[in-house]
Amino acid sequence: MEKTVTPFVVFRLSGSLYGVKAESVREMLKLPELVPLEEAPSYIPGFFNLRGGIVPVMDLEMRLGHPFHCYSIDDALIIVDEGTLMGIIASELLSVEDIPPSAIEALSPIQKEGARHHFIGGEARRGEDIVMLLDLEAVVDHGTGPGVDEGALRAFWPEASEGQREVLKERARVLSEPSSGLEAEGVMPFAVIVLGGERFAIRCESIREFAELKDLTPVPCTPAHILGDTNLRGDVLTVIDIRGRLGMSPAAPGPGSKVVVAEAGGVRAGVLADSVEEIAYLSPAEITPAPLSSKQAEDEYLLGAARSGERMIAVIDLERMLTKGGLLVDETV
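Numbering (this note's numbering) for the sequence shown: 53 to 385.
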C-alpha cells in the first residue's frame, strides 16, 4: 500500500512551477515593502515586520543562481517555517495539491550538474508541467549552494512607481500591526478569494485544497449555478458558482480560474473563484457582523466583514451555504 500523500503548495515563478510542503507554510500574503538588510546575501532583498516579528524575505530566483528579475505588485509571499520564519517571493500562488510518493522522481544526473540541484528535492508531473519540489532545509541554509555572496546595501525595487510604492507601504503597515497573536484563543486562518473583483474570506477549516480549473463536463438537468463535473485526480468533483447566493451576477469560468475544494456536513464541492489571494488570520473580534438588510437571502450566508491588508473583505459562511443553501442536487434522481 502506498504511503500517505503529502500536500504541497504549488506556485509559479517566472514560468517555472515549484512546490513546498504545506506543513511548512505558515501564511500566504501579498508582497509588502521590504527594508534592505546590511551584509545580507544578494538573494535576500530585505525584511518586513510581521506583527512585531522580523521576517527576512528570499528572492528564490537569485537563490537558484538566476539573474535578478523585476518584481510585480501582484507578487505573492509564502511564509515558511524551517526553525525560523522566511518569506519566499512567488509570481503566482496556484494550488495546494496532494502528491503521492510514487509521483515524485529524483533529479537526473544531468539535472544534478546544475547549480540549483542543491535546493530541489525531486520533481513531480502536474499534467503537462513539471513541479520542482523544494528542499526547504537547504534553501534556508545560507551556507549552501550559489548566490551566497554579500552585496552592497541596495534599495528594494527602485523601479517601482509612486503608486506601487504606496501600495507596498500600506501592506507593510498593516502587516506590522500587532494583533491578539496567532496563539490567542479564537484566531483562525481564512482563505481570501476573489469573485467578480470582490474579495471574500472563507474559513480554512472547511477547505481541503485549492486547484486550477481544468475541463468541465456539463451535468444535464441541473440548476445554472452547477457548472459541471471535473476530474480531480480520479475523483469526480462538482463545481458550483456561489455568486448568486451572494447577490452577484453569475459568471462562466475563465482562463486561470481556481477551484476551492470544500467540505462541510458530508457535502463536498468545488467552489469557482477568479483567484486565491492569501491566507489571513482573523479573530472573531475583528469580524464586524453583517448589518440587517432587505437582502436576507444574501446576508444569511455572510458572517460579517473584516479588514485584510488595505481593504475590507466579506466573510462567507461557506459551511452553511453548502449544507443549507441547496447548491447541490442528487444527480442520480
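No residue lacks a Cβ here, since even glycine has one placed at the ideal position from N, Cα and C.
Please read these numbers as outputs of a predicted model, since none were measured by experiment.
8 Å contact criterion, which residue i and residue j should meet: CB distance rounded
i: residue 311; j: residue 322; result: 4 Å
i: residue 397; j: residue 150; result: As displayed, the chain neither begins before 53 nor continues past 385, which places residue 397 out of reach and without an answer.
i: residue 70; j: residue 183; result: 7 Å
i: residue 125; j: residue 77; result: Between residue 77 and residue 125 the Cβ distance is about 22 Å, and since that is not below 8 Å, they are no contact.
i: residue 65; j: residue 112; result: 6 Å
i: residue 138; j: residue 330; result: Their Cβ separation, rounded to whole angstroms, is 17 Å, which puts residue 138 and residue 330 out of contact at 8 Å.
i: residue 258; j: residue 316; result: 5 Å
i: residue 335; j: residue 226; result: Wrong, their Cβ atoms sit about 15 Å apart, outside the cutoff.
With 16 other Cβ atoms within 10 Å as the buried cut-off, status of residue i
i: residue 301; result: exposed
i: residue 120; result: exposed
i: residue 136; result: exposed
i: residue 266; result: exposed
i: residue 91; result: exposed
i: residue 235; result: Confidence in residue 235 is poor, its pLDDT being 45 and thus under 50, which makes the residue's placement too unreliable to answer from.
i: residue 243; result: buried
i: residue 299; result: exposed
i: residue 414; result: Because the chain spans 53 through 385 in this model, residue 414 falls outside it and cannot be assessed.
i: residue 108; result: buried
i: residue 175; result: buried
i: residue 275; result: exposed
i: residue 207; result: exposed
i: residue 177; result: exposed
i: residue 269; result: exposed
i: residue 290; result: buried
i: residue 106; result: exposed
i: residue 337; result: exposed
i: residue 249; result: exposed
i: residue 282; result: buried
i: residue 128; result: buried
i: residue 307; result: exposed
i: residue 263; result: buried
i: residue 215; result: exposed
i: residue 377; result: buried
i: residue 346; result: At residue 346, the pLDDT of 36 sits below 50, so the modelled position is not reliable; the number obtained from the coordinates is stated separately. That one is exposed.
Identified DSSP bridge partners for residue i
i: residue 367; result: 253, 356
i: residue 340; result: 357
i: residue 242; result: 255, 332
i: residue 130; result: 80, 140
i: residue 178; result: 181
i: residue 262; result: 312
i: residue 149; result: 60
i: residue 287; result: 284
i: residue 247; result: 250
i: residue 68; result: 65
i: residue 327; result: 246
i: residue 279; result: Per DSSP, none; premise fails for residue 279.
i: residue 73; result: 60
i: residue 322; result: 291, 313
i: residue 375; result: Looking at the DSSP assignment, residue 375 forms no beta bridge with any residue, so it has no partner.
i: residue 186; result: 172
i: residue 87; result: 99
i: residue 211; result: Residue 211 is not bridged to any residue.
i: residue 269; result: 281
i: residue 222; result: None, per the DSSP bridge assignment.
i: residue 157; result: 175
CB of residue i within 7 Å of CB of residue j, strictly
i: residue 340; j: residue 357; result: yes
i: residue 86; j: residue 97; result: yes
i: residue 142; j: residue 63; result: yes
i: residue 288; j: residue 278; result: no
i: residue 364; j: residue 297; result: no
i: residue 354; j: residue 366; result: yes
i: residue 252; j: residue 140; result: no
i: residue 260; j: residue 313; result: yes
i: residue 99; j: residue 83; result: no
i: residue 247; j: residue 295; result: yes
i: residue 122; j: residue 180; result: no
i: residue 61; j: residue 148; result: yes
i: residue 370; j: residue 254; result: yes
i: residue 359; j: residue 230; result: no
i: residue 171; j: residue 191; result: yes
i: residue 101; j: residue 213; result: no
Check: Where in the region 90 to 128 do unbroken runs of the beta strand (DSSP E), each at least 3 residues long, occur, reported from the N-terminal end onward?
Finding: 98 to 102, 105 to 110
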